[in-house]
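What follows is a short report on a single structure.
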Amino acid sequence: MSYRDTYAAAQSDPDAFWLQQAQSIDWLSAPTTGYDAASNTWFADAMGNTCYNCIDRHVEAGRGTQIAIIYDSPVTNVVEHISYADLLDRVSRLAGVLHERGVLKGDRVVIYMPMVPEAMIAMLACARIGAVHSVVFGGFAAPELAVRLDDCAPKAVIAGSCGIEPGRVVHYKPLLDAAIELAQEKPEFCLIHQRDHGAADLVVGRDFDMLDEMSRADPAPCVPVAGSDPAYILYTSGTTGQPKGVVRPTAGHMVALNWSMKNIYDVGTGDVFWAASDVGWVVGHSYICYGPLLAGCTTVVFEGKPVGTPDAGTFWRVIADHKVKSFFTAPTAFRAIKRDDPKGEHVGRYDLSHLKTLYFAGERADPDTVNWAGDLLGVPVVDHWWQTETGWAIAANPIGLQALPIKVGSPSVAVPGYDIQILSPEGEQMPAGELGAVAIKLPLPPGTLPTLWNADERYKKSYLSTFPGYYETGDAGMIDEDGYLYIMARTDDVINVAGHRLSTGAMEEILAGHPDVAECAVIGAADALKGQLPIGFLCLSRGVDRPEAEIVAECVARVRQVLGPVAAFKSAVVVERLPKTRSGKILRGIMARIADGTEYKMPATIDDPAILSEISDALSRLGYAGGKSG
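Mind the numbering: the sequence shown is residues 1 to 630 in UniProt numbering, read in order.
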């Protein structure tokens with residue numbers, strides 16, 4: 001079926017369409033109903049097990065010798081290949097450890113791990129016995145980890161002793177100990193994966209060596225769970241400082257991810273798929289762990305960085321060494337590579353002939369980065385858009401279903417199952433090409449969140465209250481006459497300049513086109529006369545030796561030439577780097593608060609807090625106040 005026919009089928013009879021896709025999953029009891037309004041989930045009457053579908057069924061089909069996980073760690077100089085049969089043994093033994101210590105179906109387990117295979121083994125072991133895992137990014141500060149412990153009340157914690165960053169070791173165990181001390185809800189026991197680079201001291205009676213325990217454990221069988229039972233809780237930052245626990249129901253999660261692997265990413269049994277992310281983020285859940293294994297792929301677990309481990313050619317080396325077919329990463333990773341290696345000279349050292357498609361998500365993919373990557377690699381560059389809450393793509397070019405023409409700057413079209421509309425502040429549909437709030441008509445398709453953990457009312461207030469009958473994405477954008485979506489900014493990043501609503505994303509797109517600019521961000525700062533004024537932050541490519549003032553003047557002129565005087569774009573400053581979350585999202589909201597001189601809360605997910613001081617200094621040079629962390 002073509003994209004258009006498939007999309008129409010999913011729209012006209014969603015239950016029939018998704019029940020058909022559910023036939024690709026192995027069930028103990030197959031679903032007979034699609035969407036269940038009472039639970040706001042899909043396939044609520046199904047019974048099955050995610051771990052069985054990710055591992056056991058492939059082994060039973062005779063593919064036990066196929067590689068399931070390739071662990072590539074340039075920071076430790078280790079490469080490991082784990083077959084599906086080996087993965088089954090490790091996962092079932094860890095599941096046995098948990099079960100023997102009293103973890104039952106529905107119990108929560110917090111996972112606090114670096115990017116090692118044991119992180120995925122822990123996730124799958126929880127799924128095997130019906131426990132609900134919650135992965136917290138390894139190295140998260142103790143107070144933030146404590147908040148998550150209190151929210152989900154885990155029976156156990158599975159943690160790594162340390163994480164390894166370029167040039168340093170981050171010891172996780174002291175952070176975990178401090179978090180447990182702070183938390184009201186304390187785990188009954190902890191399993192610690194001891195790493196050679198930083199073994200941890202174990203608390204007698206509470207902490208146990210994970211691998212030692214696994215060596216003595218009896219393998220545990222899969223426990224059937226209901227389709228509406230949660231597979232995991234994943235916390236995303238909340239505007240109030242209290243994180244939101246996104247709930248992922250089991251059955252819809254399996255069906256949606258399995259469908260997406262073939263139809264969006266064009267991969268199947270035996271193909272090598274690499275998502276360069278972290279299991280602490282939704283990409284790590286959906287497309288390092290569950291999606292590839294559901295589809296019988298080989299998935300790459302990468303412990304390193306796009307630059308500095310050891311150089312800007314690391315990604316190309318991994319793709320070449322492991323014959324990666326589909327590669328998925330954030331645009332910010334490519335901007336880092338482009339900044340260090342503007343001419344892409346490292347690419348020529350590697351055979352990238354197996355790579356068929358590059359996928360971007362996580363941050364708006366500016367055309368300059370998309371074009372640079374496409375010219376360099378000679379493969380389609382597919383921007384696609386989704387959220388922690390949805391768990392898989394809302395808009396994408398469905399390469400495996402039908403490759404559509406690529407429009408640079410757009411994540412393409414609505415994925416079957418999603419009815420995307422652009423709404424005015426009053427909830428009216430906007431004409432084609434006009435900016436508005438991006439919303440999705442309810443109900444959402446399988447795989448998406450039905451609620452927040454222990455916070456139904458907060459779920460409704462956060463996502464369903466602004467536009468009744470719609471899920472509010474929090475993004476602003478437009479849809480063109482061909483049905484292609486353009487995400488221009490978070491709704492909060494649409495600024496109002498003298499009554500004109502302007503997209504900071506559109507300004508960033510223009511700035512990124514300057515040949516000396518490797519990366520940029522635009523914020524709106526408060527202005528007594530015009531309400532807000534845009535400010536640009538420019539990171540220059542390595543080796544640029546022109547005067548900064550000259551480059552700034554050219555950038556200001558570019559924006560005014562394209563958008564006109566209405567944009568009132570007059571201020572830009574060169575900075576060494578931009579403040580980001582660990583997943584690569586630029587913290588524009590915090591930057592704006594610094595510019596306005598208002599108090600802000602230090603984000604728990606920030607990669608390097610010291611960068612905010614650099615931003616404050618840069619704003620001071622432009623005459624702005626500089627807010628303080630509260």
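Virtual Cβ for every residue (Gly too), placed ideally from N, Cα, C.
Which one of the options has the shortest CA to CA distance from residue i?
i      : options                           : result
Ala200 : Gly536, Pro143, His171 and Cys152 : His171
Val423 : Gly417, Ala437, Pro431 and Pro416 : Per the sequence presented here, residue 423 reads as Leu, with Val not at that position. Of the candidates Gly417, Ala437, Pro431 and Pro416, the one whose C-alpha sits nearest the C-alpha of Leu423 is Ala437.
Val267 : Arg248, Ile590 and Thr299         : Thr299
Gly102 : Arg57, Val157 and Gln20           : Val157
Val566 : Asn496, Gly543, Arg546 and Asp545 : Asn496
Leu104 : Thr6, Pro446, Ile129 and Tyr84    : Ile129
Ala330 : Ser353, Tyr350 and Pro306         : Pro306
In terms of residues, what are the limits of the beta strand (DSSP E) holding residue i?
i           : result
Thr473      : Tyr470 to Ile479
Lys244      : Lys244 to Pro249
Gln421      : Ile420 to Leu423
Val91       : Per DSSP, Val91 belongs to no beta strand (DSSP E); it is in the alpha helix (DSSP H), Tyr84 to Glu100.
residue 632 : Summary: the structure shown does not reach residue 632, with the chain confined to residues 1 through 630, and so no result is reported for it.
Ala275      : Val272 to Ala275
Look up residue i in the DSSP assignment and give the residues it is bridged to.
i           : result
Val300      : Ile70
Glu165      : Arg168
Tyr35       : Trp42
Ala610      : Paired residues: none, contrary to the question.
residue 636 : Because the chain is modelled from 1 through 630, residue 636 falls outside the range shown and cannot be assessed.
Ala525      : Leu533
Glu519      : Cys539
Ala226      : Met47
Val381      : Leu358
Asp366      : The partner list for Asp366 (beta bridge, DSSP) is empty, contrary to what the question assumes.
His81       : Ile70
His193      : Gly160
Ile487      : Gly477
Ser29       : Met47
Ala373      : In the DSSP output, where bridge partners are listed per residue, Ala373 has none listed.
To the nearest angstrom, how far is the alpha carbon of residue i from that of residue j?
i      : j      : result
Ile25  : His253 : 11 angstroms
His346 : Pro224 : 48 angstroms
His81  : Ala476 : 43 angstroms
Pro405 : Val381 : 11 angstroms
Arg588 : Ser39  : 36 angstroms
Asn77  : Gly308 : 14 angstroms
Ala153 : Ala179 : 13 angstroms
Met210 : Gly96  : 12 angstroms
Gly433 : Asp366 : 18 angstroms
Gly160 : Ala361 : 28 angstroms
Trp281 : Val573 : 31 angstroms
Cys222 : Arg108 : 17 angstroms
Gln561 : Ala256 : 44 angstroms
Trp274 : Ser326 : 6 angstroms
Ala443 : Glu188 : Checking the sequence shown, residue 443 turns out to be Pro, not Ala. If you take the alpha carbons of Pro443 and Glu188, they lie about 38 angstroms apart.
Ile55  : Pro609 : 40 angstroms
Gly378 : Val370 : 11 angstroms
Asp596 : Ala618 : 13 angstroms
Asp150 : Met1   : 48 angstroms
Ser410 : Ala393 : 13 angstroms
Ile487 : Leu191 : 42 angstroms
Gly348 : Lys441 : 46 angstroms
What did DSSP end up calling residue i once you bin it into helix, strand or coil?
i           : result
Tyr232      : strand
Lys580      : strand
Gly433      : coil
Glu599      : coil
Ile586      : strand
residue 645 : The requested residue 645 does not occur in the structure, where the chain is confined to residues 1 to 630.
Phe327      : strand
Leu449      : coil
Gly627      : Reliability of the predicted coordinates at Gly627 is poor, the pLDDT of 49 falling under 50, and no value is obtained from them.
Ala439      : strand
Ala141      : coil
Val282      : helix
Val566      : helix
Ser410      : coil
Thr239      : Interpretation of Thr239 is limited by its pLDDT of 47, a score under 50 that renders its predicted location unreliable; the figure taken from the coordinates is listed afterwards. Looking at Thr239 - three-state DSSP - the assignment turns out to be coil, as it is neither helix nor strand.
Ala403      : coil
Between which two residues does the alpha helix (DSSP H) harbouring residue i extend?
i      : result
Thr605 : Run containing Thr605: none; DSSP gives neither H nor E here.
Met214 : Met210 to Arg216
Ala10  : Tyr3 to Ser12
Phe315 : Thr314 to His322
Leu294 : Gly291 to Leu294
Glu457 : Asp456 to Tyr459
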